[in-house]
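Note sheet for the following structure.
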Amino acid sequence: MIVRPLLPADLPQVEEIERRAMPAPWSAAQVRAEIEAANGFALVAICGGTLGGYAFFRTCLPECELLHLVVAPEWRRRRVATALLDQALAGLAAQGCTTCFLEVRASNEAARQLYTRAGFVQTGRRKHYYSQPVEDALLLTRDMQPAREEHE
Ligand SMILES: CC(C)(COP(=O)(O)OP(=O)(O)OC[C@H]1O[C@@H](n2cnc3c(N)ncnc32)[C@H](O)[C@@H]1OP(=O)(O)O)[C@@H](O)C(=O)NCCC(=O)NCCS
0 MIVRPLLPAD LPQVEEIERR AMPAPWSAAQ VRAEIEAANG FALVAICGGT
50 LGGYAFFRTC LPECELLHLV VAPEWRRRRV ATALLDQALA GLAAQGCTTC
100 FLEVRASNEA ARQLYTRAGF VQTGRRKHYY SQPVEDALLL TRDMQPAREE
150 HE
């Protein structure tokens, strides 16, 4: 598996996975906006020569937020999301981020376990945050290792 920055040429494969794997898929315009956002940070995982997953973050130093993380169904439970998270958090720490936030549906056990393993802890709950179906969001936070000073 190779993890690398998301490129505009990846857009069709991201859209295809969104349509296939997500009940409320991001539109092509939403994906394009994230690619073009000045404070956007997005990675893809290339698995067996195809796009197996992707993660979109936004930075607002010294904070960052995970907006979207999806692994194609056929590539799940092979540590693709873990690799995306590990590499993204290392890259974001190198940019100066010290805290990462995300929201997750309370019923999303797979994602909650993934994030717990990755060092996120619950720091809040937003009542009825999601629609279709209406559900609480859990706010998760992870402290990040600050990038080392070069002379250390
Ligand atoms: C959640 C998601 C990103 C996980 O991707 P993944 O590549 O399968 O995750 P990993 O293989 O890195 O899993 C790491 C750990 O997370 C937990 N985990 C992942 N999927 C799980 C599942 N379906 N059930 C229970 N635990 C799960 C396990 O602890 C797993 O370690 P293990 O396989 O050794 O038991 C993927 O299921 C997905 O794309 N879901 C739909 C989109 C989504 O919910 N995104 C998150 C929104 S906040």
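Per numbering that gives the first Met the number 0, the very first residue in the sequence shown carries number 0; after that it's consecutive.
By construction, the Cβ of each residue, glycine as well, lies at the ideal position given by its N, Cα and C atoms.
field: Buried versus exposed call for V6 [16 or more other C-beta atoms within 10 Å across all chains shown]
entry: Here residue 6 turns out to be Leu, not Val, going by the sequence shown. By the 10 Å Cβ count, L6 comes out exposed.
- prompt: Less than 7 Å between the CB of T49 and some heavy atom of ligand 1, yes or no?
  reply: no
Touch test, the segment 113-121 against the segment 132-142, Cβ-Cβ under 8 Å, three pairs minimum: yes
field: Simplified DSSP assignment, three categories, for C99
entry: Residue state, collapsed to three classes: strand.
- prompt: In whole angstroms, what separates the C-alpha of V2 from that of A8?
  reply: 15 Å
Proximity winner among L10, M21, R19, relative to A28 (alpha-carbon distances): When each option's Cα is compared against that of A28, the closest is L10.
- prompt: Which residue spans inside the segment 7-65 form an unbroken beta strand (DSSP E) run of at least 3?
  reply: 39-46, 49-59
Separation of G95 from E14, as counted between CA atoms: 30 Å
task: Please classify R111: does DSSP put it in a helix, a strand, or coil?
output: helix
field: alpha helix (DSSP H) segment containing A156, residue limits
entry: One cannot answer for residue 156 here, as it falls past the ends of the chain, which runs 0 to 151.
- prompt: Can you list, in chain order, the residues of its chain whose CB lies under 7 Å from that of S106, leaving out five sequence neighbours each side?
  reply: E134
message: Which residue marks the beginning of the beta strand (DSSP E) containing P132, and which one marks its end?
response: Where P132 is concerned, there is no enclosing beta strand (DSSP E), given that its DSSP letter is neither H nor E.
Cβ pair count under 8 Å reaching 3, the segment 37-51 against the segment 66-76: Yes: the two stretches touch, three or more of their Cβ pairs being nearer than 8 Å.
query: If you drop the 5 nearest sequence neighbours on each side, which residues of the same chain put their C-beta closer than 6 Å to that of R31?
result: Beyond the five residues adjoining it in sequence on each side, R31 comes within less than 6 Å, by CB distance, of no other residue in the same chain.
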